[in-house]
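Here the structure comes first, spelled out in structure tokens, and everything after it is commentary.
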């Protein structure tokens, strides 16, 4: 095998369309673009997403529903059993971040029930669900707001 004898496999490469090269090519005159309209003109064929030809678009016809709380995106959930990894005593947001229980993007934390807690914790500036609060208090801890 020599470099000058190399060629692609049969049918692997397709010749490009030769538009505007006469009636016999099948792509003469209008070059496969039809007659008139934005798609027939150069550089005008793009339609923005959601455009429905001047008809009122779907995103405007349908009613707005729902609500996304921005608070929820900033709040990290801390599972109850993961609190046991921390030493007993006062736990605040800085302690949770130091223990890598909350991501760096979170601005607040909330303790949710999953598993058990055996140590007495005093949560400072951290929210907790009703079940988590009951479990913490049952273990001898409390929530200080």
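Numbering (our numbering), first residue to last: 560 to 704.
For each residue, glycine too, the CB sits at the ideal point set by N, CA and C.
- The three-state reading of DSSP puts residue 581 in coil, since its state is none of H, G, I, E or B.
- As a beta-bridge residue in DSSP terms, residue 682 pairs with 650 and 702.
- Counting C-beta pairs with one atom in each stretch, the region 608 to 623 and the region 639 to 651 have fewer than three that are closer than 8 Å, which means they do not touch.
- In this structure, residue 672 sits near residue 690, with a CB-CB distance shorter than 8 Å.
- Two segments are said to touch when three or more pairs of C-beta atoms, one from each, lie closer than 8 Å; by this definition the region 651 to 670 does not touch the region 618 to 625.
- Note that the region 648 to 656 touches the region 678 to 686; at least 3 beta-carbon pairs, one per stretch, sit closer than 8 Å.
- Residue pairing by DSSP puts residue 634 in a beta bridge opposite 667.
- For residue 694, the secondary structure class from DSSP, reduced to helix, strand or coil, is helix.
- Taken atom to atom, the span from the alpha-carbon of residue 645 to that of residue 655 is near 8 Å.
- Per DSSP, the continuous alpha helix (DSSP H) segment holding residue 641 begins and ends at 639 to 642.
- One thing to note: residue 578 has its Cβ within 8 Å of the Cβ of residue 586.
- Within the region 593 to 638, complete beta strand (DSSP E) segments of at least 3 residues are found at 634 to 638, given in chain order.
- The C-beta of residue 624 has fewer than 16 other C-beta atoms within 10 Å across all chains shown, which makes the residue exposed.
- With respect to residue 598, residue 591 sits apart: the two C-beta atoms are not nearer than 8 Å.
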